[in-house]
Amino acid sequence: MLRFLTAGESHGPQLTVIVEGMPAGISLVAARDIDPDLRRRQGGHGRGKRQQIEQDAARIVSGVRGGKTLGSPITLVIANRDWDNWQGPMQVEPRGFKAKRVTRVRPGHADLAGVLKYGFDDARNVLERASARETAARVAAGAVARTLIGALGIDVHSCVIRIGDVDVPVPDGDVPWDAVERSPVRCADEAASARMVAAIDAARENGNTLGGTAYVIASHVPAGLGSYVHWDRKLDGLIAQAMCSIPSVKGVEIGAAALAARSPGSNVHDEPRWDAERGFHHLTNRQGGLAGGVTDGEPVWALVHFKPISTLLHPLRSVDIRTGAEINAHYERSDICVVPAGAVVAEAMLAWVLAAAAMEKFGGDNVGETRRALAAHRRAAGRLR
Ligand code: EPS
Numbered sequence: 276m277l278r279f280l281t282a283g284e285s286h287g288p289q290l291t292v293i294v295e296g297m298p299a300g301i302s303l304v305a306a307r308d309i310d311p312d313l314r315r316r317q318g319g320h321g322r323g324k325r326q327q328i329e330q331d332a333a334r335i336v337s338g339v340r341g342g343k344t345l346g347s348p349i350t351l352v353i354a355n356r357d358w359d360n361w362q363g364p365m366q367v368e369p370r371g372f373k374a375k376r377v378t379r380v381r382p383g384h385a386d387l388a389g390v391l392k393y394g395f396d397d398a399r400n401v402l403e404r405a406s407a408r409e410t411a412a413r414v415a416a417g418a419v420a421r422t423l424i425g426a427l428g429i430d431v432h433s434c435v436i437r438i439g440d441v442d443v444p445v446p447d448g449d450v451p452w453d454a455v456e457r458s459p460v461r462c463a464d465e466a467a468s469a470r471m472v473a474a475i476d477a478a479r480e481n482g483n484t485l486g487g488t489a490y491v492i493a494s495h496v497p498a499g500l501g502s503y504v505h506w507d508r509k510l511d512g513l514i515a516q517a518m519c520s521i522p523s524v525k526g527v528e529i530g531a532a533a534l535a536a537r538s539p540g541s542n543v544h545d546e547p548r549w550d551a552e553r554g555f556h557h558l559t560n561r562q563g564g565l566a567g568g569v570t571d572g573e574p575v576w577a578l579v580h581f582k583p584i585s586t587l588l589h590p591l592r593s594v595d596i597r598t599g600a601e602i603n604a605h606y607e608r609s610d611i612c613v614v615p616a617g618a619v620v621a622e623a624m625l626a627w628v629l630a631a632a633a634m635e636k637f638g639g640d641n642v643g644e645t646r647r648a649l650a651a652h653r654r655a656a657g658r659l660r
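If you read the sequence shown in my numbering, its first letter stands for residue 276, the second for the next number, and so on.
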């Protein structure tokens, strides 16, 4: 079973990730396979001052020898450079500790819900872990997963299709991924990119924040990942869970879900065909590569909707949890828009879910075994019954 665990507070000394269940024999080099994704997560127009402090890089401290995975747990460490500025309020030891309490909880953030859950009198106990800083650890785990699915021929990409009220159509067909990577907002359309940048700048001027929508797609996914036999093995459900676990995400569409909801069935469902060259395939892919919770052999794609970031320079009104008085919410600093970065996190989560599903179906202690099981499956799946 492939699984990962992250640990670390936003302003603590480091983030730690343990990835367990990776087969042996996969080439894994942090500077080549993980750090580029960490840098992509830090980017995007609309990021705040924290990203100017951090230069995220992963240090592998277990599970890899001579550049190859060993099959043992892989531990990754990402240092928080901002720790230098927070050693007092984030001190681990009790002696001399003085908390600077956060009591003016921020609307839209986990502050109040977390305080109520854990019985805290200081929202910093919540926001340190609820911070989107944790997504750096997930992107690192996703990058490890990407080396596994990459070895199986699957690739994962993302782009931004909406920021605030600026949008482009949902891609159908090939996206120019180079153009996406060059865009400051990860949008392939240059004119729309410029409008999105302008919208973010206007929000910054107004002390406001913006949300939007990311498109995420995995290609060359074999048919048969996931299962229809139990609700908690359905891969569309697992993808939705993974996406909704990303901070700021409030909605996920698998394939053209919103369009399907307002269309007659004859315009929605994907007709299958068979030919000797491609085997079974579909004429369209509106179901996002998933039927009954099982991959159908088409690319898996989803739309991920992000709400605007919660911390506002011109704060909303809130409550002080000490006094009950109505007051402006707490402000330290914040991003204006995280949708471009969020798209990179969504990519990591999709890579992860597919890697876990591939390991469940194909298994293998060594990636050669995994590859051989996949090749046998692909041959069998292409044949007429
Ligand atoms: C983030 C780190 C955080 C925030 C942001 C994203 O760092 P800091 O709180 O020190 O500025 O910049 O997270 C949030 C706004 C949030 O609400 O979680 C990161 O590394 O992505």
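Backbone N, C-alpha and C fix where the C-beta goes; we use that ideal spot for every residue, glycine too.
**OP:** Out of LEU565, ARG370, ARG461 and ASP312, state which residue places its alpha-carbon closest to the alpha-carbon of ILE353.
**Re:** When each option's Cα is compared against that of ILE353, the closest is ASP312.
Original post:
Going straight from the alpha carbon of HIS505 to that of ALA535, what length do you get?
Top reply: Their Cα atoms are separated by approximately 24 Å.
Subject >> C-beta atoms of VAL594 and VAL377 nearer than 8 Å >> reply: Contact flag unset, no.
Original post:
Grouping DSSP H, G and I as helix and E and B as strand, with all else coil, what is ARG315?
Top reply: Under the three-state reduction of DSSP, ARG315 is assigned to helix.
**OP:** Give the straight-line distance between the Cα atoms of ASP308 and ARG314, rounded to the nearest whole angstrom.
**Re:** Their backbone Cα atoms lie some 11 Å apart in a straight line.
Subject >> Residue burial classification, PRO583 (beta-carbon count within 10 angstroms, cutoff 16) >> reply: That one is buried.
Original post:
Is GLU480 helix, strand or coil when you go by DSSP?
Top reply: In this structure, GLU480 counts as helix in the three-state DSSP scheme.
Subject >> For CYS434, three-class secondary structure by DSSP >> reply: The three-state reading of DSSP puts CYS434 in strand, counting E and B together.
Original post:
So what does CYS612 bridge to, in DSSP terms?
Top reply: According to DSSP, which records beta bridges pairwise, CYS612 is partnered with LEU485.
Original post:
What did DSSP end up calling ASP331 once you bin it into helix, strand or coil?
Top reply: Reduced to three states, the DSSP call for ASP331 is coil.
Subject >> Span of the alpha helix (DSSP H), counted from its first residue to its last, around GLY657 >> reply: Taken as a continuous stretch (DSSP letters only), the alpha helix (DSSP H) holding GLY657 covers 642-657.
Original post:
Is it the case that the Cβ atoms of ARG646 and ALA426 are separated by a distance below 8 Å?
Top reply: At the C-beta level, ARG646 and ALA426 come within 8 Å of one another.
**OP:** State the start and end residues of the unbroken alpha helix (DSSP H) segment that holds GLY425.
**Re:** Counting along the chain, the unbroken alpha helix (DSSP H) around GLY425 starts and ends at 409-426.
Subject >> Contacting residues, own chain, Cβ-Cβ under 8 Å from GLU403 (five flanking each side not counted) >> reply: These residues qualify, in order along the chain: GLU284, SER285, HIS286, GLY287 and MET365.
Original post:
Exposed or buried, what is GLN327 when buried is set at 16 or more other beta-carbons lying within 10 Å of its beta-carbon?
Top reply: In the assembly as shown, GLN327 is an exposed residue. Its beta-carbon has fewer than 16 other beta-carbons within 10 Å.
Subject >> Beta-carbon proximity of ALA577 to GLY563, cut-off 8 Å >> reply: A contact, by the Cβ cut-off of 8 Å.
Original post:
Hey, is SER302 close to the ligand EPS, as in C-beta under 7 Å from one of its heavy atoms?
Top reply: SER302 has its CB no nearer than 7 Å to any heavy atom of the ligand EPS.
**OP:** Grab me the residues of VAL628's own chain with a C-beta within less than 6 Å of its C-beta, minus the 5 sequence neighbours each way, in chain order.
**Re:** Counting only Cβ-Cβ distances below 6 Å, and skipping sequence neighbours, we find LEU513, ILE514 and ALA517.
**OP:** Could you check what DSSP says for TYR393 in three-state terms: helix, strand or coil?
**Re:** If DSSP states are grouped into helix, strand and coil, TYR393 belongs with the helices.
Original post:
Cα-Cα, which of ALA473, ALA498, ARG608 and ARG334 is closest to ILE438?
Top reply: In this structure, ALA473 is the residue among ALA473, ALA498, ARG608 and ARG334 with its C-alpha nearest to the C-alpha of ILE438.
Subject >> Bridge partner(s) assigned by DSSP for ALA566 >> reply: Answer is VAL569, bridged to ALA566.
Original post:
Do the segment 481-490 and the segment 604-620 make contact, defined as three or more Cβ pairs closer than 8 Å?
Top reply: Yes: the two stretches touch, three or more of their Cβ pairs being nearer than 8 Å.
Subject >> Which residues DSSP lists as bridging LYS343, in chain order >> reply: Its beta-bridge partners are SER302 and ARG340.
**OP:** Flag this pair as yes or no: are the beta carbons of LEU625 and VAL450 separated by less than 8 Å?
**Re:** Taking 8 Å as the Cβ cut-off, LEU625 and VAL450 do not qualify as a contacting pair.
Subject >> Local conformation of ASP507 per DSSP, three classes >> reply: Correct three-state label for ASP507: helix.
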